[in-house]
Each structure stands twice: as structure tokens, then as C-alpha cells.
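A.B. asks: The structure is given below, and queries will be raised subsequently.
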Amino acid sequence: MSDSSKNSIAFVRTEVLPELPPPSNATGAVRWMRDNLFATPGNSVLTIAAILVIYIVLSATVPWMINGIWNSDSLSQCREILDGQSGACFAVLAERWNQLLFGFTYPKDIYWRPGLAFVLLFVAVAPVLFFDLPRKLLLFTAVYPFIAFYLIWGGSVMVPLVALAGFVAGAIVFLRLIKNSFAVSAFGALVAAIVVWYAGGFLIPEAEITEGAMRSIPSRDLGGFMLNMMLGVTCVSLSLPIGIALALGRQSSMPFIKMVCVVFIEFVRGVPLITLLFVASVMLSYFFPPEATVDLFLRVVIMITLFSAAYIAEVIRGGLAALPKGQYEAGDSLGLDYAQSMRLIILPQALKISIPGIVNVAVGLFKDTTLVSVISMFDLVGMIRGPILASTEWNGVYWELFLFAAVLFFVVCYGISQYSQWLERRLATDHR
Amino acid sequence: MTTLTDPPKSTFRVSQLIYDTRYRSLTFQVIAFILLSVAIGYLAKNLGANLRDQGLSISFGFLGVPAGYDINQRLIEYTSQSTNLRAAFVGILNTLLVAFLACATATVFGVVAGVLRLSNNWLVSKLMAFYVEIFRNIPVLIWIIIIFTIMTAVMPSPREFRGDDATASMFLGISAFTNRGIYIPMPYFENGFGGSVDWLIVIASLIGSFFATRFMSKRASAIQEATGVRPATLASNLAIWFVPLIVLSLVMGLTFEIPALKGFNFGGGIKVGGPLIAIWFALSIYTGAFIAENVRAGILAVSKGQTEAASALGLRPRRVMSLVILPQALRVIIPPLISNYLNITKNSSLAILVGYADVTATLGGITLNQTGRAIECVLLLMLFYLVVSLLISAVINVYNNAIKLKER
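Protein chains in written order, with the working numbering: chain A, 7 to 438; chain B, 5 to 412.
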């Protein structure tokens, strides 16, 4: 280039310009809002509609909650204090707290018993839920049902002890004989347990314990959220083994056993739980010996367990079907018999696949325990609809009570589903 | 060294029943059969003894006896002098009615919420996630009671619509939301043929339109096959659907009977009772949350490569959606959707809680309590639900077979 061309350019910048910050609408909160809330006109309309909905809901509920009254004896007193303002009357929760949790006939002085059982429940389920914990804790899990039974129902300590002894005897016989054959050891375990239970029956004192801290409590005195928890925990844990057995039976190559399982599963899944509860409340007692009196709680537990076992069986069947055929063949080629290959190879994998489904069933079942209020058991919903709303002091306090029930169930169910998602990530041993 | 010259003698030993796989399964089945028979026999013996003790017997004669109670909500003629069987049928129709309505609205809620949860809009997708989690994690029973309470305790009573200083007013002047139910305008034909004939004509015209549109789209496909150009069918399809309806309503004189305050209550129009609304709305909003998750999972199940492949082939976005994404997503969505319909049908039995006269409330509630025929009533009730759910499962199976990937 010649000098003249150099001179023809008026100005040449020699230094690099400093970087300017991006325009204010392409950064920070504004940028985020442009991208996520107002990307297109349609999106903006949706956002505005959503804000409107949130505003309507919050403007109705927030003042109501903030103005809430926690100290009062009745709804009319609440209204006096509020003096025409909108506000909740949470005093009903404070006053009826015990009834909501334990029902209205459970003796007040021994609330600590179900309370303790509830706390111990966490200790018992912890090693099942989190397998980093020491395995020895599982021993506590194994004895927990007996402790909980003794705490909640009270009575003679011999009842749970004899029941536990029967199981222990069965387990010992089973472990002794397992080397021979699964069928023989299972049969032996059953016989040993029955013998111990029968012999132990003579140890149980005839007289009811009606006094003192550990006096016996009839099942009809159970109620409130405690009843929901008890039904949920008992029925889910009882239905797991039954569900596994049903699922294996449905996969079986023996036509008779397969048919029985299919008929049972399809029948139970085809009818609503409420009809099964009707069976428990009005029909099941016809099928027991005339002299036996089986209380309603036990009948309900039987029916709900059968109900959830059918659903769990279907979930596990899905898990079994998802396993590649090679896993079954591998078991056979190692020379394992049916029981061994199921126990050591198939079920651990199938159950792992089925965990999310099982948790779904458990959550659904826990929600369905509220249905017992239809057959006049006083669970949480039954307590609210029955004794509390019918009382003269609290007639008309709907929202506070329903909100309380909804929050309780939400916390438990949402917690369980979050746990299941964590477990799924934890158990994801396959490569993705 | 021994050589096998002849096959082992076929002597039968008892231990073969356990150790020989040829007989073992037979042995187990015989044992299972015996155990099951013993169990059933034991239960039957107890049943017989209990019935004898209480002087009862199993008989379905009560179905022919007048029921002696009234049912508010009914789709067929029924008086308190009608038989228990007819009461059960009224209940069955009510169950099917609420199940049908709830299935329809739950699908709408579910599809809208599921699609919106995938929206790019942060606020909307969070709102929908909130809706799904809230409704999935709280028992449907509580939702039914809450909505029933709204219907009875929050809605104004008909009295409040009265006078000049009325505290409540009719919605758009044509519908009234009261604590006794919702009153909506009733369409009827002024110069029709009277009764249900008019509605049959309307339904016939709708069916005709359906087949006509199918014929049109088949024809369009044939033309596309032959020439490569698909004729526009939108306008003609709209015409096929709406022109006959408009003509019919003009000829027969479609008018609406607006509900109006008469005495202490509203009269005229269609009354949709509070219990029906409660169970309908609660079931649809609860199941809608589940359907939303199905829809979301179905859409997410179609991999992004499918969209890209379709675009690479030169399809327009609408055709990508209708020809590539939706058929694959529906394959994932529809089976759980139908099983949600099944759940709605079964959950509709909770209607007994709010006094809606479904089959659980008539046959399993009042009839059972009045006649004391617990076993018969509960068995019939279960039979009904079993038939319905087997029918729905059959539909699922037919659908699954129809859409099964055909591998060759």
C-alpha cells in the first residue's frame, strides 16, 4: 500500500475496545423473564393468566391463614374474636389435636404408647429404607411388629412373646432344613411355629388386664390418623409376601395354580376397595366359625391386605416379565432348583425393577385407608366428619379440618414418592 | 463300564412324585387343589352354620320386592313402589353416568395439564407440577368431601337470589349456582316431534356426519396416493359437521328453557344435583392429575430424533405432530389412560359418601340395610363392577393388539 492510501483513511483505532456489558434486556432477571415467561405472545398470555390464578388463590387464603385464631373454645367465640374479618379458626386443631391423631375413645393417659410405637416405627423402617445403615438394625425391624402390637393394644405381654417365639422357632427349623429342600423346610417351619403357638397358648393368662399403664385396649377404641398409619403400614407389609407369591403363581407353568392366581388377582382388581370393605363389615363374619368373634379392625386388615396384594402382584409380575430370559436359564444351568433360583437370582432383580410400582401401590393404599370411614370406623376423615363436625362447638369448621387432613396426607405421600425417586437413582446400576 | 442296552424299567416309586419333574408339578397341583377345596369347604361350612344359627338363607327374591325408598337422581322412571332390581338399575345408570362424565372431563384436565407441564413457560409448568403433586398426594375421598362442602356450604341458597337486594345473581343470567345444585338451561325443540324422537334425529345426524367425514378423508387419501396432492378437507369437514345441525335446529325450532326462581326454589332448566357435581368434579380433577403424568410421560417417550427425522424428510410441524409424534405418544398414553378410566369407574363408588344414588348407594347401601341381604347385595355389587372392569380390560387388550409393533 502506498502512503496516499494510508492518508485517505481518516482515523484508524489502534487499541482494542473494552468489552461492553450486554444490553440490560439480555442479561439477568430480565433475560430470564424474556426467555421463560414472555417468549411469545401466547406465552405472555399464559403467564398473565397464571399470575391471575395465583393472585386469586393467595388473596383468598393468605389473609385467612394469617388472621387464624389458635386460642378459642368454639367456632362462635372464634367469630367474635375475628369480628367479621376473614380468618381461620385453627383453634379446633389445637383443641381436638389428640382426637384427630388418636381417635376419641383411646384413653388419654396412655397416648404415650401409640406415640412411642410411632417413633419406633422410624427406627424399624430405617434399615429397610436406607441400606447404608448397619444390617444388625434389621433385628429390631423383625421384632418391631410385636413391640408395636404390645404398645398399642397392651394386655398381657405373653401374647406378642408367644407369637414371636413361634416365628423364631419356625425360622430356626427353616434354616436347619433349607439345605435339604425348600418345600420340606417351609413345611417344617410351619409345623414348628404352630406347635409353639399352640403350646404357648396355655401360658397366656385368661384374665384381661384392665388397670395400669399397659392395660389392654380393644380395637374399636383405635382411631384418628393413628388408624390410617396402622392400616397402611400393616397392610403394605403383609401384602408384600402375598403379592410375591401371587406373582410367582401367575408366572407358574402349573395350570391349576396359575388359574387360581389369575382369578384371584383379576377379581380383586376388578372391584372397588369399598365393596371389599363392605365384605369386611357385613359379610366376612359369616365365614368365620360361629363361636369366633373377629373384630372389625382385623377383618378390615384382611380385606385391605388381599386388595393390595393383588395390585403388588401385578407390579411384581411386570418386574418378572422385564427380566431377560437368560437370567432364568442361567439359574437352571447353575443347577439351582426353583426356590433357589428365584431367591438368589430372579427375585432380587425383579423386585428392584418393581420398586417404583410397589411404592405407587403403597401410596395409593395409604390414601385408600381413608375409605374405612365409610364403614363407620373413625379414622382421620371419619373423626372429622363424625364427632368433630357434629359437636356443637365446632359445627361449621370445615376448611381448617380438611386442610389439616390434606396436609398430613400430602406430607406422608409426597415424602414416600420422593424417597422412591431417590431409591431409583440409587439403584440405577445399569449404564446409561 | 456299563452299557445301556434297554431303557430303565418303568417301575413307579412314590418318591418319584416329588423328585421326578414329570410328576412333581402334578403332585403340587393336586396338593394345592386339595388345600383350596378344604379351605373353601371350611368357609362354606361356617357360612352354612352361621346362616342356620340366624335363620337366614341365600335367596335373590328380595330383588322383586318393592324397594320402598325414593331416589332423587334418576335417569329412568322410578318410584318408591318400584322393585329393588329397578333401584339397582337406577344406581347402575347413575354410576355409568358419573363415570362417563368424569372420564370426559378428566381427560380434558389431564391433557391440558400434561401438555402445559412441558411448556417452556416456567411459571405455567411449575403451576401444573404443583397441581399434579397436590392432587395426586391427597386422598380422593378428601377431595370429594371438600368439593361437596363447597357445593353445600359456600354456594348461595335459592333464597339469596330473591328480591331487589339479592346477594347472589345468576351466572350470565342463564345459570344458577345454588346449594341445592346447579341449574342450567334446558334445550328443547318447539316444533319437533316431541320427546326423545328429536334427540334421536340429532344423534342420527351426528353419526351421519361422522361417517361422511371419514369418507371424505379416505377420498382425500386416495387422491393423495394417486396424484401426490392432498385436497383441502377442513372446510368441507366443518360444513359436514355443522350445516345439518344448524338446519335441524332451525327447522325444529331449538329453544332453551332458562331456569327461573319459582317460590322457594328454582324451576325449569336442567338441575344438576350437588352430589353429582361433587363426585364428578372431584373424580375428574383427581384423576386428571394422574392422566397429566401419563400424557407427559407419553410425549417425553418419543425421542427427539423422531421430530428431527420427520423434519429432515420435509414434513411441516403440524404434519410432524399428527403423523410422527402423536401416533407414537398415543401408543404410550392410551393403555394407562384406559386404566385410569377404570379407576374412575371404581372410585365412583365413593359417591355413597355424599349421597349420590349410584349402585353402591342403592344396591349396596339402602337395599342392603332394608332387606338385610348382605351377602346377596355385596355379591351382586361386586359382579357389576367386575363385569365393567373386565369389559374395560378387554378394550385395553384389543387396543394393545391393534397397535402392537408389527415385526416381520
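Note that the Cβ used here is the ideal one computed from N, Cα and C, for glycine as well.
1. Closest to residue 164 (chain A) by C-alpha separation, out of A:206, A:292, A:400, would be which residue?
2. Less than 7 Å between C-beta atoms, sequence neighbours within five positions excluded: which residues of the same chain meet that for residue 426 (chain A)?
3. Considering only residues of the same chain and omitting the five flanking positions on each side of residue 190 (chain B), which have a CB-CB separation below 6 Å?
4. When you compare only the Cα positions, how much space is there between residue 55 (chain B) and residue 152 (chain A)?
5. Residues in the segment 385-399 of chain B with C-beta within 7 Å of chain A's C-beta atoms, listed in sequence order?
6. Let me know the beta strand (DSSP E) ranges lying completely inside the segment 117-148 of chain A, each 3 residues or longer, listed in chain order.
7. Listed in chain order, which residues of the segment 237-269 of chain B have Cβ atoms closer than 8 Å to some Cβ of chain A?
8. Going by DSSP, what residues sit across from residue 276 (chain B) in a beta bridge?
9. What residue range does the beta strand (DSSP E) around residue 264 (chain B) cover?
10. By how many angstroms is the C-alpha of residue 255 (chain B) removed from the C-alpha of residue 245 (chain B)?
11. Does the structure place the segment 386-393 of chain B close enough to the segment 260-276 of chain A that three or more beta carbon pairs sit under 8 Å?
12. Distance, Cα to Cα, residue 4 (chain A) vs residue 52 (chain A)?
13. Taking only the alpha-carbon atoms, compute the straight-line gap between residue 20 (chain A) and residue 306 (chain B) and give it to the nearest angstrom.
14. State yes or no: is the beta carbon of residue 20 (chain B) nearer than 8 Å to at least one beta carbon in chain A?
15. Applying the 10 Å Cβ sphere with the 16-neighbour rule, what's the burial state of residue 222 (chain B)?
16. Given a cut-off of 8 Å on the beta-carbon distance, is the pair residue 284 (chain A) and residue 382 (chain B) in contact?
17. In its own chain, which residues sit with a C-beta less than 6 Å from the C-beta of residue 263 (chain A), not counting the 5 before and 5 after it?
18. Please return the same chain residues whose Cβ sits closer than 6 Å to the Cβ of residue 98 (chain A), not counting the five positions on each side in sequence.
19. If you measure beta-carbon to beta-carbon, which residues of the segment 69-103 of chain B are closer than 9 Å to chain A?
20. Going along the segment 54-70 of chain B in order, which residues come within less than 8 Å of chain A, judged by CB to CB distance?
21. Between B:358, B:284, B:88, B:224, which lies nearest to residue 64 (chain B) when the distance is taken from Cα to Cα?
22. Drop a sphere of 10 angstroms on the beta-carbon of residue 132 (chain B), count the other beta-carbons inside from all chains shown, and report buried for 16 or more, exposed for fewer.
23. Can you name, in chain order, every residue of its own chain whose Cβ lies under 6 Å from the Cβ of residue 438 (chain A), other than the five neighbours on each side?
24. When you compare the CB of residue 25 (chain B) with every CB in chain A, is at least one pair closer than 8 Å?
25. Sorted by chain position, which residues of the same chain lie with C-beta nearer than 6 Å to residue 103 (chain B)'s C-beta, five sequence neighbours on each side aside?
26. For residue 289 (chain A), tell me which candidate among B:368, B:211, B:215 has the shortest Cα-Cα distance.
27. Is residue 192 (chain B) helix, strand or coil by DSSP?
28. Sort B:77, B:340, B:94 by Cα distance to residue 296 (chain B) and report the nearest one.
29. Cα separation between residue 7 (chain A) and residue 24 (chain A)?
30. So is residue 141 (chain B) buried or exposed if we call it buried at 16+ other beta carbons inside 10 Å?
31. Are residue 245 (chain A) and residue 356 (chain A) closer than 8 Å when you measure CB to CB?
32. Going by other Cβ atoms of all chains shown within 10 Å of its Cβ, with 16 needed for buried, is residue 424 (chain A) buried or exposed?
33. Any residues in the segment 237-267 of chain A with a beta carbon nearer than 8 Å to a beta carbon of chain B? Which ones, in chain order?
34. Compare the C-alpha of residue 414 (chain A) against each of A:379, A:202, A:387 and name the closest.
35. Go ahead and pull the three-state DSSP assignment for residue 433 (chain A).
36. Is the separation between the beta-carbon of residue 356 (chain B) and that of residue 408 (chain A) shorter than 8 Å?
C.D. replies: Looking at the atomic coordinates:
1. Start at 1 with the first residue of the first sequence, and residue 164 (chain A) comes out as number 158. The option with the nearest alpha carbon to residue 164 (chain A) is A:206.
2. Taking the first residue of the first sequence as position 1, residue 426 (chain A) is located at position 420. Result list for residue 426 (chain A): 361, 362, 365, in chain order.
3. Position 186 of the second sequence, counted from the start, is the residue given in the question as residue 190 (chain B). Excluding residues within five positions, the ones whose Cβ falls inside 6 Å are 261, 273, 274.
4. Start at 1 with the first residue of the second sequence, and residue 55 (chain B) comes out as number 51. Start at 1 with the first residue of the first sequence, and residue 152 (chain A) comes out as number 146. Residue 55 (chain B) and residue 152 (chain A): Cα-Cα distance of roughly 36 Å.
5. Here the close residues are 385, 386, 389, 390, 393, 394.
6. none
7. none
8. To locate residue 276 (chain B), count along the second sequence from 1; it is residue 272. Residue pairing by DSSP places residue 276 (chain B) opposite B:186 in a beta bridge.
9. One-based indexing of the second sequence puts residue 264 (chain B) at position 260. Where residue 264 (chain B) is concerned, the enclosing beta strand (DSSP E) stretches over 264-266.
10. Position 241 of the second sequence holds residue 245 (chain B). Position 251 of the second sequence holds residue 255 (chain B). Using only the alpha carbons, I get a separation of about 17 Å.
11. yes
12. Because chain A is modelled from 7 through 438, residue 4 (chain A) falls outside the range shown and cannot be assessed.
13. Working through the first sequence from its first residue, we reach residue 20 (chain A) at position 14. Working through the second sequence from its first residue, we reach residue 306 (chain B) at position 302. Taking the straight line joining both Cα atoms gives about 55 Å.
14. Taking the first residue of the second sequence as 1, we reach residue 20 (chain B) at position 16. Not closer than 8 Å to any Cβ of chain A, the Cβ of residue 20 (chain B) fails to qualify, so no.
15. Against the second sequence, residue 222 (chain B) aligns to sequence position 218. Exposed: under 16 other Cβ atoms inside 10 Å.
16. Here residue 284 (chain A) refers to the residue found at position 278 of the first sequence. Here residue 382 (chain B) refers to the residue found at position 378 of the second sequence. Yes; because the gap between Cβ atoms is below 8 Å, this pair is in contact.
17. Within the first sequence, residue 263 (chain A) is the residue found at index 257, counting from 1. Only 255 meet the Cβ criterion.
18. The count along the first sequence starts at 1 and reaches residue 98 (chain A) at position 92. Cβ-Cβ distances below 6 Å link residue 98 (chain A) to 400, 403, 406 in the same chain, with the five nearest sequence neighbours on each side left out; the list follows chain order.
19. none
20. 54, 55, 57
21. Your numbering for residue 64 (chain B) matches position 60 in the second sequence. For the residues B:358, B:284, B:88, B:224, the minimum Cα distance to residue 64 (chain B) belongs to B:88.
22. Within the second sequence, the letter at position 128 stands for residue 132 (chain B). By the neighbour-count rule (16 or more Cβ atoms within 10 Å), residue 132 (chain B) is buried.
23. By 1-based counting over the first sequence, the position of residue 438 (chain A) is 432. The predicted model places residue 438 (chain A) with a pLDDT of 48, which falls under 50 and marks its position as unreliable, so this point remains unresolved.
24. Translated into positions along the second sequence, residue 25 (chain B) becomes position 21. Chain A contact via Cβ: absent.
25. Counting from 1 along the second sequence, the entry for residue 103 (chain B) is found at position 99. Leaving aside the five residues that flank residue 103 (chain B) on each side, the residues in its chain whose CB is nearer than 6 Å to its CB run, in chain order, 348, 349, 352.
26. Your numbering for residue 289 (chain A) matches position 283 in the first sequence. With distances taken between Cα atoms, residue 289 (chain A) lies closest to B:368.
27. For the purposes of this step, residue 192 (chain B) is taken as residue 188 along the second sequence, with counting starting at 1. Reduced to three states, the DSSP call for residue 192 (chain B) is strand.
28. Translated into positions along the second sequence, residue 296 (chain B) becomes position 292. Considering only alpha carbons, the answer is B:340.
29. Here residue 7 (chain A) refers to the residue found at position 1 of the first sequence. Here residue 24 (chain A) refers to the residue found at position 18 of the first sequence. Here the model assigns residue 7 (chain A) a pLDDT of 46, short of 50, so the residue's position is not dependable and the matter cannot be decided.
30. Position 137 of the second sequence, counted from the first residue, corresponds to residue 141 (chain B). Result: buried.
31. The residue given as residue 245 (chain A) occupies position 239 in the first sequence. The residue given as residue 356 (chain A) occupies position 350 in the first sequence. Cβ distance not < 8 Å, so residue 245 (chain A) and residue 356 (chain A) don't count as in contact.
32. On the first sequence, residue 424 (chain A) is found 418 positions in, with the first residue counted as 1. By the 10 Å Cβ count, residue 424 (chain A) comes out exposed.
33. For the segment 237-267 of chain A, which is checked against every Cβ of chain B, the residues closer than 8 Å are 259, 260, 261, 262, 263, 266.
34. Taking the first sequence and counting its residues from 1, one reaches residue 414 (chain A) at position 408. The shortest C-alpha separation from residue 414 (chain A) is found at A:387.
35. Walking along the first sequence from the start, residue 433 (chain A) turns up at place 427. It is helical.
36. Position 352 of the second sequence holds residue 356 (chain B). Position 402 of the first sequence holds residue 408 (chain A). Not in contact: residue 356 (chain B) and residue 408 (chain A) (Cβ atoms no closer than 8 Å).
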